[in-house]
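Before any comments, here is the structure.
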Amino acid sequence: MADDTAPDALTELYAHDMADALRSGSVSARELAAAHLARTHRTDRGLHAWLSIDDERALAEADAADARLAAARAEGSAAVAALHPMHGVPVALKDLVSVRGGQATAGSRILEGYRAPYDAHITERLRAAGAVILGKTNMDEFAMGSSTEHSAYGPTSNPWDLGRVPGGSSGGSAAAVAAFQTPVSIGTDTGGSIRQPASMCGITGMRPTYGRVSRYGIVAFASSLDQVGPFARDARDAAALLHAVAGHDERDSTSAAIPVPDDLLTLPTDDDEAAAWLRGKRFGLPNEYFVSGMEPGVEARIREAVAALEAAGAIVEPVSLPHTDYGLAAYYIVAPAEASSNLARYDGVRFGHSARGGGDYLSDYLATRGGGFGPEVKRRIMLGTYALSAGYYDAFYLKALKVRTLIKRDFDLLWGQGFDALVAPTAPSVAFKFGAKTADPVEMYLTDACTLPVNMAGLPGISIPCGLSDGLPVGLQFIGAPWSEAELFRAARAYEGVTAGAAWRKMSPSGLAALEDPGVPTPAQRAARH
Amino acid sequence: MATLSRADVQHVAHLARLGVTEAELVALEGQLNHILEQYAKLAELDTDAIPPTAQVIELETILRDDVVRPSLDPAAVLANSPERDGDFFVVPAILGGD
Chain A
646 MADDTAPDAL TELYAHDMAD ALRSGSVSAR ELAAAHLART HRTDRGLHAW
696 LSIDDERALA EADAADARLA AARAEGSAAV AALHPMHGVP VALKDLVSVR
746 GGQATAGSRI LEGYRAPYDA HITERLRAAG AVILGKTNMD EFAMGSSTEH
796 SAYGPTSNPW DLGRVPGGSS GGSAAAVAAF QTPVSIGTDT GGSIRQPASM
846 CGITGMRPTY GRVSRYGIVA FASSLDQVGP FARDARDAAA LLHAVAGHDE
896 RDSTSAAIPV PDDLLTLPTD DDEAAAWLRG KRFGLPNEYF VSGMEPGVEA
946 RIREAVAALE AAGAIVEPVS LPHTDYGLAA YYIVAPAEAS SNLARYDGVR
996 FGHSARGGGD YLSDYLATRG GGFGPEVKRR IMLGTYALSA GYYDAFYLKA
1046 LKVRTLIKRD FDLLWGQGFD ALVAPTAPSV AFKFGAKTAD PVEMYLTDAC
1096 TLPVNMAGLP GISIPCGLSD GLPVGLQFIG APWSEAELFR AARAYEGVTA
1146 GAAWRKMSPS GLAALEDPGV PTPAQRAARH
Chain B
292 MATLSRADVQ HVAHLARLGV TEAELVALEG QLNHILEQYA KLAELDTDAI
342 PPTAQVIELE TILRDDVVRP SLDPAAVLAN SPERDGDFFV VPAILGGD
């Protein structure tokens, strides 16, 4: 192999470069899978982004992708062109996505040993697209958390600073992409769990419109808020991955029968062409998203990004989303209420952890659930049970649903005024140190202040890198009207075009070298020091 | 705004079928009350005339034909059972008496 196709060089390609290389025959899906598996095995001791890696299955899927490509080539150029851009490209899945015969722990002890009896809808779609599933990534237990420190299997480190969290709850999926262990990955976003870790790991992550991607086969947290979405190292790759998994599925009756735009596959390759899209576009800048306690370095990067958009011809107007400040309280009633209901299924009878003491059924439930769930999950189940209990339903749950209406109306008003999108910070801070927010649950919840209103309103949102503060990535968020994912990706791609020459774009995560040391401390060891 | 006593926390844990230790009860009492303080903010808003939003996209009731379709493989499903008897899940007795 020439130097530029040495295994590690293959892991530094974008997925769209891999697609080109596969089609030209300069690389095989097997070589791509093998290169990523090798890098992951070599570097994951210090990162712990993964909960399972299945080399055998991944290589078999890669061989199948190579065979399909060879058959398409024999058939002619139309057959090759019909292959999805994700064909032969490695992908990682958050460990709450079902892959038949594989684990799906959702980061919890209560699902330890569980084997999924079927494929999730998105797993079927990825297989149909020819993507190669490498394995499953770490996460906060049942996606409840903003740092991945609530995983029952130990925390994940941030590739930019191994003593810091990658964000969460999809922290493993974000860290794996940032550390070149996989070009793209899947996460879920209930209150910010894709956008916030994307921000903290310096990559791109999108939460699509509620109903865009089927949740069939995905472990449920809060069913009116959960959505599935992509992580990637640029907008084009994230858009291609979303295209592969989005669309109606009758097995999830909340998935919408709205066509998936092919525009997701035709984002401009040329930076200037991409940037030109901004001319005359109108963005709202919500004042309330510059929340109290926001780090000055984060606010500075966001203001600079806004200035760059304006310099490229966009119109950015200050706007108000007056009920933003009530989002946190309303979210932390609605999400736990739904979780307390969804998690009632973990009864130790049909699957998962089961503690049977020979007593009555009640003592079995208490022991199974008491021993199987971790502290944050217990807190949320308690909050939700309380908010739904007799005498408190109106004061808490119903009140929160009414506030949800107000939050949604704030956004609707702006869409009615013709804004193309809103531009905002993704998170109030850069990645924080292990243990910094674990003592006080409310401190942890506040890290989602700029993301969770989007979930409450069911909107799409994307986080893209916009520079560094003290050497750590800052994320810029675009928020759109329902079903405007293609426009959000245009905006993201345009910002990439505008900042193509920026020095921070050329920087790799500063922790990568340390990950090469076979004796590097594990994230659990680092976290224990705090 | 309501505050939770230790006994309230114990009661909610029972409703949620969560076994909690004495140490967990103590921690939960403090943490849950701290979180409830955040909820108090919602009382600032007059929502009497506001309808609730339980779900955010326009959806019609989904119907399908009542026909037999393939379902999951019983062997794969039962393989996850903590305790089984042939093609049955063994459940703890839920009725009293002998």
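If you read the protein sequences in the order shown, they are chains A and B.
Quick note on this note's numbering: the first sequence kicks off at 646 and runs consecutively.
Quick note on this note's numbering: the second sequence kicks off at 292 and runs consecutively.
Backbone N, C-alpha and C fix where the C-beta goes; we use that ideal spot for every residue, glycine too.
Values in this document were obtained by computation on a predicted structure and should not be read as measured data.
Which residues, in chain order, does the segment 349-378 of chain B contribute to contact with chain D at a C-beta distance below 8 Å? Going by chain labels, chain D is absent from the structure shown, which instead holds the protein chains A and B.
Does any C-beta atom of chain A lie closer than 8 Å to the C-beta of GLN346(B)? Closer than 8 Å to some Cβ of chain A, the Cβ of GLN346(B) qualifies, so yes.
What does the Cβ neighbour count give for LYS1082(A), buried or exposed, with the cut at 16 atoms within 10 Å? So LYS1082(A) counts as buried.
Chain B contacts made by the segment 1054-1067 of chain A, where a contact means CB separation under 7 Å: The segment 1054-1067 of chain A vs chain B, Cβ under 7 Å: nothing.
Compute the minimum distance between the beta carbon of ALA957(A) and the heavy atoms of the ligand ADP, and state whether it is under 7 Å. Here there are no bound small molecules, and the ligand ADP is not part of this structure.
Kindly say whether SER1182(A), judged by its beta-carbon, lies nearer than 8 Å to any beta-carbon of chain B. Within the shown structure, residues of chain A are numbered from 646 to 1175, placing residue 1182(A) beyond reach of any answer.
Using C-beta distances below 6 Å, list every residue in its chain close to ALA1126(A), excluding the 5 sequence neighbours before and after it, in chain order. The residues are TRP1060.
What is the residue span of the alpha helix (DSSP H) that GLY321(B) lies within? Per DSSP, GLY321(B) belongs to the alpha helix (DSSP H) from 313-330.
Say whether chain A places a C-beta atom closer than 8 Å to the C-beta of LEU319(B). Closer than 8 Å: yes.
Roughly how many whole angstroms lie between the Cα atoms of ASP1005(A) and GLY747(A)? For ASP1005(A) and GLY747(A), the distance between alpha carbons rounds to 32 Å.
Of all Cβ atoms in chain B, is any one closer than 8 Å to the Cβ of ASP1005(A)? Yes, ASP1005(A) lies at the interface with chain B (some Cβ there is under 8 Å from its Cβ).
When burial is assigned at 16 or more other CB atoms within 10 Å of the CB, is ILE385(B) buried or exposed? Exposed is the label assigned to ILE385(B), since fewer than 16 other Cβ atoms lie within 10 Å of its Cβ.
Counting only Cβ pairs nearer than 7 Å, list the residues of chain B close to PHE866(A). Correct list: empty, because the minimum Cβ distance to chain B is about 15 Å.
What does ARG308(B) reach in chain A if we use C-beta pairs closer than 7 Å? Chain A residues near ARG308(B): TYR1010, LEU1011 and ARG1014.
With distance defined between alpha-carbon atoms, name the residue in PHE825(A), GLY837(A), ALA982(A) and GLY1164(A) nearest to ALA1157(A). What sits at residue 1157(A) in the sequence shown is Leu, not Ala. Comparing Cα-Cα distances from LEU1157(A) to each of PHE825(A), GLY837(A), ALA982(A) and GLY1164(A), the minimum goes to PHE825(A).
Would you say THR338(B) reaches chain A, if we count a Cβ-Cβ gap shorter than 8 Å as a contact? Yes, THR338(B) counts as interfacial toward chain A.
If you draw a straight line from the alpha carbon of ALA679(A) to that of THR294(B), how long is it in whole angstroms? Our two residues, ALA679(A) and THR294(B), have alpha carbons roughly 56 Å apart in a direct line.
Any idea what DSSP makes of SER1129(A), helix, strand or coil? DSSP places SER1129(A) in coil when its eight states are reduced to three.
Going along chain A in order, which residues have a C-beta closer than 8 Å to the C-beta of ALA384(B)? For ALA384(B), the residues of chain A that pass the 8 Å Cβ criterion are ASP1005 and TYR1006, in the order they occur in the chain.
For my contact list, ALA717(A) and ALA707(A) are in at a C-beta cut-off of 8 Å; report their separation, rounded to the angstrom. That pair is no contact at about 15 Å.
On the three-pair Cβ rule with 8 Å, is the segment 772-780 of chain A touching the segment 797-817 of chain A? No, the segment 772-780 of chain A is not in contact with the segment 797-817 of chain A.
Can you confirm whether the segment 943-961 of chain A touches the segment 916-929 of chain A when touching is taken to mean that 3 or more C-beta pairs between the two stretches lie within less than 8 Å? Per the Cβ contact rule, the segment 916-929 of chain A is in contact with the segment 943-961 of chain A (3 or more Cβ pairs under 8 Å).
N-terminal and C-terminal residue of the beta strand (DSSP E) that ASP834(A) is part of: That run of the beta strand (DSSP E) goes 829-834.
Test: LEU333(B) CB closer than 8 Å to a CB of chain A: Residue-level contact by beta carbon holds for LEU333(B) and chain A, with a gap shorter than 8 Å.
Can you give the Cα-Cα distance for VAL742(A) and ASN987(A), rounded to whole angstroms? A direct Cα-to-Cα measurement between VAL742(A) and ASN987(A) gives close to 16 Å.
Contact under 8 Å by Cβ, LEU350(B) with THR899(A): Yes, the pair counts as a contact, with Cβ atoms nearer than the cut-off.
On the three-state DSSP scale, how would you describe ASN803(A)? Reduced to three states, the DSSP call for ASN803(A) is strand.
Which residues in chain B sit within 8 Å of MET1027(A), going by Cβ to Cβ distance? Ordered by position in chain B, the residues that pass the 8 Å Cβ test against MET1027(A) are VAL300, VAL303, ALA304, ALA307, LEU309, LEU319 and LEU323.
Less than 8 Å between the C-beta atoms of THR782(A) and ALA821(A), yes or no? Going by beta carbons, THR782(A) and ALA821(A) fall inside the 8 Å limit.
CA-CA distance, ALA1173(A) and ILE848(A)? Cα-Cα distance, rounded: 27 Å.
Under 9 Å from the C-beta of LYS1023(A): neighbouring residues of chain B: Result: ALA304, ALA307, LEU309, VAL311, GLU315 and LEU319.
How long is the line joining the alpha carbons of ASP740(A) and TYR798(A), rounded to whole angstroms? Rounded to whole angstroms, the separation of the alpha carbons of TYR798(A) and ASP740(A) is 11 Å.
Among ALA1012(A), PRO981(A) and PRO1105(A), the one whose alpha carbon lies nearest that of ARG1025(A): When only C-alpha atoms are compared, the closest one is PRO981(A).
Using 8 Å as the threshold, is the segment 1065-1080 of chain A in touch with the segment 366-373 of chain B, meaning 3 or more CB pairs across them? No contact exists between the segment 1065-1080 of chain A and the segment 366-373 of chain B.
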